[in-house]
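This report concerns only the one structure given below.
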Amino acid sequence: MDNLPLLSIICTVYNQEAFIKDCLEAVAALDYPNVELFVVDNGSEDNAKEIIKEWLSNQNIDFQVSTIFRESRWPYCKSFNEVFSLTSGKYLIDLSGDDLLLTAHAMKSVQALENHPTAAVCFSDALLEKNGKKSSFYPRTAEGKLKKKVEDGDLYKKLVASHHVLSVTMVLRSDALRAIGGYDETLSYEDFDIQVRLARKYSFVFSDHFGLIKTLHPNAFSATQYMRYRSVMLPSTLRICWKIKEMNQDSLEDKALLQRVLYELKHSLLSANFEQAIGFMELASALGASGLHYFIYGQWIKYRWDFSALYVLLKKIKG
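In the working numbering, the protein residues as written are 79 to 397.
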């Protein structure tokens with residue numbers, strides 16, 4: 079136990095007063111004995127900062143805790159990179175203040191990485207909680223068994239084409255993240271980009287355990303991905319897709335990217351984010367897109383048909 083490598087946890091908080099105490103309690107309850115925790119309040123306008131300070135003052139914690147309280151909100155990737163430069167751990171968890179790590183997550187993930195020295199990332203399953211109900215990210219039977227094997231290893235094409243890895247479950251090898259330059263500070267979010275850049279150079283390993291409880295709520299940043307008219311995330315998604323085109327090495331990888339681009343194009347149109355839709359259309363053309371769907375998307379952009387109100391309504395009904 080004493081020989082376990084140091085694990086760095088960077089917990090970033092922004093207006094998460096309803097969740098941060100439980101988040102910190104979960105970190106303290108980890109069964110992993112060699113942790114350094116960095117708590118970053120990224121300019122919260124609620125009482126999160128006071129809750130963090132009160133929690134720390136009332137705890138007898140047997141691991142190192144550093145706090146950073148920003149006066150105003152920093153771009154997420156810039157904030158993370160600054161704190162990452164202060165870490166010393168062999169492994170790393172990027173934790174949001176509204177997620178709850180489960181007790182065995184760190185131990186099982188680190189052990190998997192120690193057993194797979196060429197892997198840069200260990201990922202796992204998660205419990206997704208919405209309106210008091212929990213479900214797994216990967217489909218499972220009533221007995222809790224995975225319905226099918228979760229692919230790991232070389233995941234580059236898989237990650238380009240689809241949402242295969244839930245980023246909040248990832249435990250990273252710190253040296254691998256440093257080797258690719260950390261997070262891209264030109265982006266508004268990091269997970270898609272960091273997954274494909276790491277997968278370009280390294281393998282991923284899956285550990286069949288529940289790593290955390292992820293709370294799905296309307297104030298989460300990810301909930302704005304396809305915000306009507308003014309998505310903050312779609313411009314970054316478009317930039318990442320162009321970056322992937324430059325990283326791709328063969329036609330199969332371009333085919334995987336086209337699958338992703340057409341998906342993002344469809345949702346850009348449905349949410350009436352037409353400027354981003356134009357960008358995805360241009361990239362689809364560069365990748366050789368053709369066919370009826372491609373033609374319809376072109377007409378949709380040309381006439382700017384706005385179905386975004388219906389799109390939002392259907393998403394609410396779907397839940």
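Positions of the beta carbon are idealized from the N, C-alpha and C atoms, including for glycine.
Open item on the list: Counting beta carbon pairs with one atom in the stretch 96-104 and one in the stretch 173-191, are three or more of them shorter than 8 Å?
Closed with: Contact between the stretch 173-191 and the stretch 96-104 is present, because at least three Cβ pairs lie under 8 Å.
TODO: Please list, in chain order, all residues of the same chain as VAL143 whose beta carbon is under 7 Å from its beta carbon, the five residues on each side excluded.
DONE: Against the sequence shown, residue 143 aligns to sequence position 65. Around VAL143: LEU115, VAL117, LEU134.
Open item on the list: Going by DSSP, what residue range makes up the beta strand (DSSP E) through ASP230?
Closed with: Here residue 230 corresponds to residue number 152 of the sequence shown, with the count starting at 1. Run containing ASP230: none; DSSP gives neither H nor E here.
Task: CA-to-CA distance, ASN120 to LEU343, given in whole angstroms - done: Taking the first residue of the sequence shown as position 1, residue 343 is located at position 265. Taking the first residue of the sequence shown as position 1, residue 120 is located at position 42. Using only the alpha carbons, I get a separation of about 32 Å.
Task: Three-state secondary structure assigned by DSSP to ASP286 - done: The count along the sequence shown starts at 1 and reaches residue 286 at position 208. Reduced to three states, the DSSP call for ASP286 is strand.
Task: GLU207 - containing alpha helix (DSSP H), residue span - done: For the purposes of this step, residue 207 is identified with residue 129 of the sequence shown, where counting begins at 1. No alpha helix (DSSP H) contains GLU207, which is instead part of the beta strand (DSSP E) from 197-208.
Open item on the list: Could you compute how far the alpha carbon of PHE97 sits from the alpha carbon of ASN136?
Closed with: Here residue 97 corresponds to residue number 19 of the sequence shown, with the count starting at 1. Here residue 136 corresponds to residue number 58 of the sequence shown, with the count starting at 1. Distance between the alpha carbons of PHE97 and ASN136 is about 17 Å.
Open item on the list: For ALA239 and LEU348, what's the separation of their Cα atoms in angstroms?
Closed with: By one-based count along the sequence shown, residue 239 stands at place 161. By one-based count along the sequence shown, residue 348 stands at place 270. Roughly 20 Å between the two C-alpha positions.
TODO: Might you give, ordered along the chain, the residues of its own chain that have their beta carbon closer than 7 Å to the beta carbon of LYS235, omitting 5 neighbours on each side?
DONE: Numbered from 1 along the sequence shown, position 157 holds the residue referred to as residue 235. Taken in chain order, the residues that qualify are LEU330, GLU331, ALA334.
Open item on the list: Just to confirm before moving on: does the CB-CB distance between LYS211 and LEU84 stay below 9 Å?
Closed with: Counting from 1 along the sequence shown, the entry for residue 211 is found at position 133. Counting from 1 along the sequence shown, the entry for residue 84 is found at position 6. Taking 9 Å as the cut-off, the beta carbon of LYS211 is found no closer than this to the beta carbon of LEU84.
Open item on the list: Using only the alpha-carbon positions, how far apart do HIS295 and PHE215 sit?
Closed with: Start at 1 with the first residue of the sequence shown, and residue 295 comes out as number 217. Start at 1 with the first residue of the sequence shown, and residue 215 comes out as number 137. The alpha-carbon atoms of HIS295 and PHE215 are separated by roughly 16 Å.
Task: Selected residue, minimal CA-CA separation from TYR154, among ASN125, SER166, CYS89, ALA198 - done: Here residue 154 refers to the residue found at position 76 of the sequence shown. The residue with the shortest Cα to Cα distance from TYR154 is CYS89.
TODO: Determine the direct distance from the alpha carbon of PHE147 to that of GLU407, and round the result to whole angstroms.
DONE: Absent from the model: residue 407. The displayed extent of the chain is 79 to 397, so no value can be given.
Task: Identity of the residue in GLU95, TRP378, PRO195 nearest SER281 by Cα - done: Here residue 281 corresponds to residue number 203 of the sequence shown, with the count starting at 1. The shortest Cα separation from SER281 among GLU95, TRP378, PRO195 belongs to PRO195.
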